[in-house]
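Number of protein chains: 2
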Amino acid sequence: MAGRGFMQWAANCRTVRLDVGVATSEIIVLGQTLCTDLSSITPESTVTFHTVVGHEGDITVSVKNESPEGMGKDGGVTKMVAYISVATHSSKIDDKEVNFLFVDKSGDTIGVATLRMTAFYMSLDVDCDRDGVVEKNNPNKGSWQWGPDGHGAILLVNNDCDDYLLEMDPEHKNSKIDGPFDLEDMSRMAVRVRGPETLPEDCRLRMWVRPDDKERLGIFNLSDIEKRRAGGVVLDELGNKHIIGPKAGYLAQVSYDLMMVRRDEGETLFAVEGLKYPDKDFNGTLRIHLSLLKNVTVPVFEDTVIFRMAPWIMTPNTLEPIEAFTCQMKKSENLDFINDFKKVVEAAGIKVNIVPPYENRGDRWMQDEIELGYSELPGKKPMPVVLDSPRDRGLQKFPKGKLLGPDFGYVTRYDQNEFVNSLDSFGNLEVSPPVKVDGRTYPMGRILLGSAFPTTKYGRRMMRVVRDFLYAQQVQPPVELFSDWLGVGHIDEFMTFVPAAGGKGFRLLLASPSACYNLLRKLKNDGHGDVLCFEGKTRSGESAERSISDLLDDSNLKAESLQCQNDIDWNRDVMKRELGLDEGDIIDLPQLFQLEDGKGAGAYFPDMVNMIVLGKQLGIPKPFGPMIDGACAFETNVRSLLEPLGLTCHFVNDWDSYHLLLGEVHCGSNTRRKPFDFKWWNMKF
Amino acid sequence: MAGRGFMQWAANCRTVRLDVGVATSEIIVLGQTLCTDLSSITPESTVTFHTVVGHEGDITVSVKNESPEGMGKDGGVTKMVAYISVATHSSKIDDKEVNFLFVDKSGDTIGVATLRMTAFYMSLDVDCDRDGVVEKNNPNKGSWQWGPDGHGAILLVNNDCDDYLLEMDPEHKNSKIDGPFDLEDMSRMAVRVRGPETLPEDCRLRMWVRPDDKERLGIFNLSDIEKRRAGGVVLDELGNKHIIGPKAGYLAQVSYDLMMVRRDEGETLFAVEGLKYPDKDFNGTLRIHLSLLKNVTVPVFEDTVIFRMAPWIMTPNTLEPIEAFTCQMKKSENLDFINDFKKVVEAAGIKVNIVPPYENRGDRWMQDEIELGYSELPGKKPMPVVLDSPRDRGLQKFPKGKLLGPDFGYVTRYDQNEFVNSLDSFGNLEVSPPVKVDGRTYPMGRILLGSAFPTTKYGRRMMRVVRDFLYAQQVQPPVELFSDWLGVGHIDEFMTFVPAAGGKGFRLLLASPSACYNLLRKLKNDGHGDVLCFEGKTRSGESAERSISDLLDDSNLKAESLQCQNDIDWNRDVMKRELGLDEGDIIDLPQLFQLEDGKGAGAYFPDMVNMIVLGKQLGIPKPFGPMIDGACAFETNVRSLLEPLGLTCHFVNDWDSYHLLLGEVHCGSNTRRKPFDFKWWNMKF
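Chain order of the listed sequences is A and B. The first sequence maps to residues 0 to 684 in numbering that gives the first Met the number 0. The second sequence maps to residues 0 to 684 in numbering that gives the first Met the number 0.
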């Protein structure tokens, strides 16, 4: 919709009223122009007038005759208007005076109107060069521009918890500075004022934000806190708190009156913390205003800075892993899996976190509860931030309880008016590597999430508030895929990305029934029709073993699998278009699907695309395919497709512990990755 | 925020799977390309292959080798992909066939993969040239562009009531076609399809909208209604109703399956009605999709049209009046006023509507209950639409009861969670004439509304939902003024616009205490200090008479008035900047203000800017100023300022009937004006 345009509440050209025989006192801020209608006060017998500028100073006075465009002096509508300004570089703040002398035809001065000005220098300053320095009156401070040539200050959502011994909530839930590390997460802002010893009585110097923004940021007066601390008070005992923001007082505060002014240029330093990510009703930009007010409420001058809230960013499989997560179930139920999993992590040379039963409470689906991303301020280390799914099963307390902490943020979205469904799990939320589409670049890729078709009335979709949140981050514009055809309904059941030498630097891997039937047919043609697949495996207490020929002859399985191929192909076409891929960027991995009774489709054997990708080390669900020449033919096929790309395939046994429960390796694990080298504010739109 | 990008749910390039020895049947829509991976099905001993296009037809087949960028055939990643398309102009819809023949080194064909295509032509069409004609497959139909060179179809919010004898609600509250006049308010849309006699069994031809849009429009199948009517059923008995929209069934419907197909090009005609104006959560554009679905839900082809909802538009004082409204109070209480008022209306040569006591229920503030605007479709007469204020006093039932009707629409915004305050009255809502500001043109002016400063915590503002509505209309971007300093708090207490010869074609009139004191001083200097103002008038039972000298000596009144001058000057500066005005465009009318106890400011004598403007005829509150040389000196002053502009001043006595109740002529009246000649869709952003 049409953005609600920002409007300044004080003009740079301000109307003042003078009177003959009177000295009028007015405030003038350096850079501002005062404007006064002389014709309305000119004595009747005046034939000319003079302007006399009293005191020394950089005062400019110009007088113009103003009448409606294209009209002369007819109808008495021409006005004589004087414009008075004081140069912005003026170092003098002493009283400045202008006298308008009205002279009659005999040369006598028949009246004098005097304007006495109290001059101020005032500036609200931020770091809009994104170099860690709060500049002085940067002309760009009131606007925000994307790109490497752009400008504009940035705020971080301060949602880590530096005071983690005392609290289990992200810091934006409180309004104090939890020590120096907390301060590190905030941006600096300065008020610089030079003016008279005291403000005129009915004047205020007021910092303020729009009512809509008062829950989105919190501002601390660092200079004031420092002064009080210098007076011997311990920081935490100060009740140091927001001067503007949700916890500034009993109610959220929108404004704060500054005590001032010094005749030398005083600087008051502020720290600003972000409290909310961009969202449906918040485009991410925040304005902070500094107004000089007359009559307590009427602004006579205004300075404005703009911040943009750093978005939450997801990390694709092509970024280097830092640490991996998985769950250990009670009674060592998934010990085989964990042992295989550890080997993959070890090969990747990263840390592994095994979440014990008392923390996972029987919930093995580590992928589904959380998505690990980050947020970043210029010149600072990016802060990892976990997005907590509305799913909330056994792992519900894990993200806040174990991840949230110093320099590890937490965010969630949940709408209690909607039912949670399986598509809300974050196995259904991925992000592509960087791509270029029709000349538009997505340097941090595009978010991918699974949905129902909008054409269907009763389809499952990810919770609206989560989708709104993802779209609002802007820097990884989402692509909605079709995943509702699957029983569980997660996009990681049919797709993943792997890093790869050459090409675009990655490949899209898709589960493919067609590829599987091609492979099975070839094996049969080569004389292996009787070889058993899934040897020694059971399903619902019965043997899962089937020969290649038997699989090929199962017309139900084939019909169901090829219908799934159809659904996957639909997603293939969407991704080709929305991510700018062609067939050369896509690799089909053999896979069969079956329809679970009334529940949609599921993998018929361990779903190989549902892998964990740790750099070049892949942890792939072990398919238990036909053993030919001493090797699983499915594994051989996958190796032949992926190893030429410089990848190493580790096959992880998840048959009993995950596959039969309708998930696989990816579903049961999670990965924290290095942030992009690319800085999000350098993105171009 | 980042717009949620529109995403097609079906690609123009669609993946299909072929197999050797198999004839695969697929649907192809003219204009679409099918894409198939031949390498995955190529028999091992193949050395070459041929493409044979069976039947006659405009079929194009091209085969490409696709490998990741910059990579050769290493790693077996090169794919041979065939692209098949049928020319869009193809007139034949017979089955089309392509055979891929795989040949071994001895020249023998060792396998054939056959693709049999059922070709369709399908198109969803609207009037995107804005000329009243539904074009055929206009390439612009999927986008919307502002401006005289722009394009894009338009919907009207169908909020009049053509069935007014039966209902008292705007039509969008029902879902039927209330006769031919109702149909006139709707836009046309056509589905054109040429294809096989019947759709393949699992296929659907489905029209659909996003779930968000299902309450914003309603679609009727006119062809179907016509067919049934031809079968002898009376229109109103058909239960003719939305096929998509809020009242399509028990629940709002998002989709509709079309019965089709004819071998000749069949056309099905639809009527689309708008139901909601653009608003905070609705940018005004609506997309309607037509999808060809496979497996009942999976789109294989998609066509999309876009509509924009015609905004609600306000009419400034510079537009010609059509009719005027005022209230007659019980016991002829305001008969003097009405007689004076009628004279102004008579001079303007327009109709006057005197709302009798049983309809106004003691509420004389006709300006405050409603704002009269309009909406417009290309090629049709603009439809007047009343915006009903959330104020709701005695006149509450007037807009629905007396204005809503055939070709007179009704809209309101109200939030029961907010308290109504005096700033919600539409004396606080005006619109400027067309203006140009720093090179940006506002050909329909800018909406003006009064607010509190955002710096104040407890200030009054217009109800959020009303402001959101006004901003969302886009074509008259609002400017918020400061009116909370006034007790009643309406911007019409200190400003109005009048048409005027020369210049920008209008002048801004501002109430001015300074101008009033200048005038009073001049009168005193000329020896009229003892002349009485407000002669014979009373206030709270006491005489209101005061001499010029007495007024000049009242230092309280002067201090209060000059503080008000300050507040008005602040608004003057905002309007100069936001409307691109200079002093030559502004005329100060003499006025004094006083502070009502604890309630803010109010006019001290009848507030002359609070006038009704009917073309060049002005109905100005009679100020009862000092009689000098047989004429009121205030009137003389105002005449001297306005009559040179070609305006006629009528002074209307509203002292007892409005002024003492804190309102004036403008507050007590309303005006319906001619729409702009300028068409809103020609606006440029």
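For every residue, glycine included, the Cβ atom is placed at its ideal position computed from N, Cα and C. Bear in mind that the values here come from a model prediction, so they are computed numbers and not experimental data.
Please classify A/G486 as buried or exposed, where buried requires at least 16 other C-beta atoms within 10 Å of its C-beta. As a position in the first sequence, residue 486 of chain A is number 487, starting the count at 1. The residue in question, A/G486, is buried, as its Cβ has 16 or more Cβ neighbours within 10 Å.
Below 7 Å on C-beta distance, what does A/C648 contact in chain B? Translated into the one-based positions of the first sequence, residue 648 of chain A becomes position 649. Result: empty, since nearest Cβ-Cβ is about 14 Å, beyond 7 Å.
Is A/G74 close to chain B? Criterion is C-beta to C-beta, closer than 8 Å. Along the first sequence, read from residue 1 onward, the residue named residue 74 of chain A stands at position 75. Note that A/G74 scores a pLDDT of 48, beneath 50, so its modelled location is shaky; the value from the coordinates is reported in the next line. Closer than 8 Å to some Cβ of chain B, the Cβ of A/G74 qualifies, so yes.
Under 8 Å between the Cβ atoms of A/I490 and A/L469? Here residue 490 of chain A is taken as the residue at index 491 of the first sequence, counted from 1. Here residue 469 of chain A is taken as the residue at index 470 of the first sequence, counted from 1. No, these two residues do not count as a Cβ contact at 8 Å.
Could you pull the start and end residues of the beta strand (DSSP E) that B/S511 belongs to? Translated into positions along the second sequence, residue 511 of chain B becomes position 512. Where B/S511 is concerned, the enclosing beta strand (DSSP E) stretches over 505 to 511.
Hey, is B/F468's beta-carbon within less than 8 Å of any beta-carbon in chain A? Reading the second sequence from its first residue, position 469 is the one you call residue 468 of chain B. Not an interface residue.
Using a Cβ-Cβ cutoff of less than 6 Å, which residues in the same chain neighbour A/S24 once the five nearest sequence positions on both sides are dropped? The sequence position of residue 24 of chain A within the first sequence is 25, counting from 1. Cβ within range, chain order: R115.
Which residues DSSP lists as bridging B/Y120, in chain order: Position 121 of the second sequence, counted from the start, is the residue given in the question as residue 120 of chain B. Paired residues: B/R193.
Would you please verify whether the beta carbon of A/E687 is less than 8 Å from any beta carbon of chain B? The requested residue 687 of chain A does not occur in the structure, where chain A is confined to residues 0 to 684.
Any residues in the stretch 414 to 447 of chain A with a beta carbon nearer than 8 Å to a beta carbon of chain B? Which ones, in chain order? none
Three Cβ pairs or more, each shorter than 8 Å: is that satisfied between the stretch 359 to 370 of chain A and the stretch 338 to 348 of chain A? no
Mind reading off the beta-carbon distance from A/V573 to A/M494? Whole number of angstroms is fine, and I expect it under 8 Å. One-based indexing of the first sequence puts residue 573 of chain A at position 574. One-based indexing of the first sequence puts residue 494 of chain A at position 495. No, A/V573 and A/M494 are not in contact; Cβ-Cβ is about 11 Å, not under 8 Å.
Within 10 angstroms of its Cβ, does B/Q415 collect 16 or more other Cβ (buried), or is it exposed? Taking the second sequence and counting its residues from 1, the one referred to as residue 415 of chain B is at position 416. That one is exposed.
Three-state secondary structure assigned by DSSP to B/F452: Sequence index remark: in the second sequence, residue 452 of chain B carries index 453 (1-based). Residue state, collapsed to three classes: coil.
Quick one: using the 10 Å Cβ neighbour count with 16 as the cut-off for buried, is A/E685 buried or exposed? A question about residue 685 of chain A goes unanswered here, because the residues of chain A that appear run from 0 up to 684.
Is A/G488 helix, strand or coil when you go by DSSP? Looking up residue 488 of chain A in the first sequence gives position 489. Coil, per DSSP.
Counting only runs that start and end within the stretch 569 to 655 of chain B, where is the beta strand (DSSP E) found for 3 or more residues in a row? Counting whole runs of 3 or more residues, the stretch 569 to 655 of chain B contains the beta strand (DSSP E) stretches 585 to 589, 592 to 595, 599 to 602, 611 to 613, 616 to 620, 647 to 651.
CB contact below 8 Å: A/R671 versus chain B: Here the question's residue 671 of chain A lines up with position 672 in the first sequence. By this cut-off, A/R671 is not an interface position.
Measuring straight from C-alpha to C-alpha, what distance separates B/G74 and A/D584? The residue labelled residue 74 of chain B in the question sits at position 75 within the second sequence. The residue labelled residue 584 of chain A in the question sits at position 585 within the first sequence. Low per-residue confidence applies at B/G74: pLDDT is 48, beneath 50, and the placement is therefore not dependable, though the value from the model is reported in the following sentence. B/G74 and A/D584: Cα-Cα distance of roughly 13 Å.
Below 8 Å between beta carbons: does that hold for B/S668 and B/E332? Within the second sequence, numbered from 1, the residue matching residue 668 of chain B stands at position 669. Within the second sequence, numbered from 1, the residue matching residue 332 of chain B stands at position 333. Contact flag unset, no.
Among residues of its own chain, excluding the 5 on either side of A/G618, which ones have a beta-carbon nearer than 7 Å to its beta-carbon? By one-based count along the first sequence, residue 618 of chain A stands at place 619. Its chain contains F340, V343, M610, I611, H649, V651, V664 as the residues whose beta carbon lies nearer than 7 Å to that of A/G618, once the 5 sequence neighbours on both sides are disregarded; these appear in chain order.
Is the beta carbon of B/V478 sitting closer than 8 Å to the one on B/E577? Residue 478 of chain B sits at position 479 when you count from the first residue of the second sequence. Residue 577 of chain B sits at position 578 when you count from the first residue of the second sequence. Remark: C-beta atoms of B/V478 and B/E577 approach each other more closely than 8 Å.
For A/P42 and B/L580, I'd like the C-alpha separation in whole angstroms. Sequence index remark: in the first sequence, residue 42 of chain A carries index 43 (1-based). Sequence index remark: in the second sequence, residue 580 of chain B carries index 581 (1-based). In a straight line, the C-alpha of A/P42 is about 27 Å away from that of B/L580.
Where the beta strand (DSSP E) containing A/V497 begins and where it ends: Within the first sequence, numbered from 1, the residue matching residue 497 of chain A stands at position 498. Its beta strand (DSSP E) spans residues 494 to 498.
Chain-ordered residues of the stretch 200 to 226 of chain B with a beta carbon less than 7 Å from chain A: R205, W207, R209, P210
For B/K226, count neighbouring Cβ atoms within 10 angstroms of its own Cβ and tell me buried if that reaches 16, exposed if not. On the second sequence, residue 226 of chain B is found 227 positions in, with the first residue counted as 1. B/K226 should be labelled exposed.
What did DSSP end up calling B/G528 once you bin it into helix, strand or coil? The count along the second sequence starts at 1 and reaches residue 528 of chain B at position 529. Of the three classes helix, strand and coil, the one that applies to B/G528 here is coil, per DSSP.
Contacting positions in the stretch 531 to 558 of chain B - beta carbon closer than 7 Å to chain A: Of all residues in the stretch 531 to 558 of chain B, none has a Cβ within less than 7 Å of some Cβ in chain A.
Who are the neighbours of B/L292 on chain A, taking C-beta pairs under 8 Å? The residue labelled residue 292 of chain B in the question sits at position 293 within the second sequence. Those are T454, listed as they occur along chain A.
When A/P432, A/P405, A/T411 are compared against A/Q395, the one with the closest alpha-carbon: Locating residue 395 of chain A in the first sequence gives position 396, where the first residue counts as 1. For the residues A/P432, A/P405, A/T411, the minimum Cα distance to A/Q395 belongs to A/T411.
Identity of the residue in A/G624, A/E642, A/F592, A/G597 nearest A/K615 by Cα: Residue mapping note: residue 615 of chain A aligns to position 616 of the first sequence, counting from 1. For A/K615, the nearest C-alpha among the options comes from A/E642.
According to DSSP, is A/A309 helix, strand or coil? Taking the first sequence and counting its residues from 1, one reaches residue 309 of chain A at position 310. Of the three classes helix, strand and coil, the one that applies to A/A309 here is coil, per DSSP.
Considering only DSSP beta bridges, list what A/Q144 is partnered with. In the first sequence, the residue the question calls residue 144 of chain A occupies position 145. In DSSP, A/Q144 forms a bridge with A/H150.
I want to verify the contact list: residues of chain B whose CB lies under 7 Å from the CB of A/E65, in sequence order. Counting from one through the first sequence, the residue named residue 65 of chain A turns up at place 66. Correct list: D581, E582, G583.
Does B/G283 come out as helix, strand or coil in the three-state DSSP assignment? Taking the first residue of the second sequence as 1, we reach residue 283 of chain B at position 284. Note: B/G283 maps to coil in three-state DSSP.
In three-state terms, what does DSSP make of A/Y657? Reading the first sequence from its first residue, position 658 is the one you call residue 657 of chain A. The answer is coil: DSSP assigns A/Y657 none of H, G, I, E or B.
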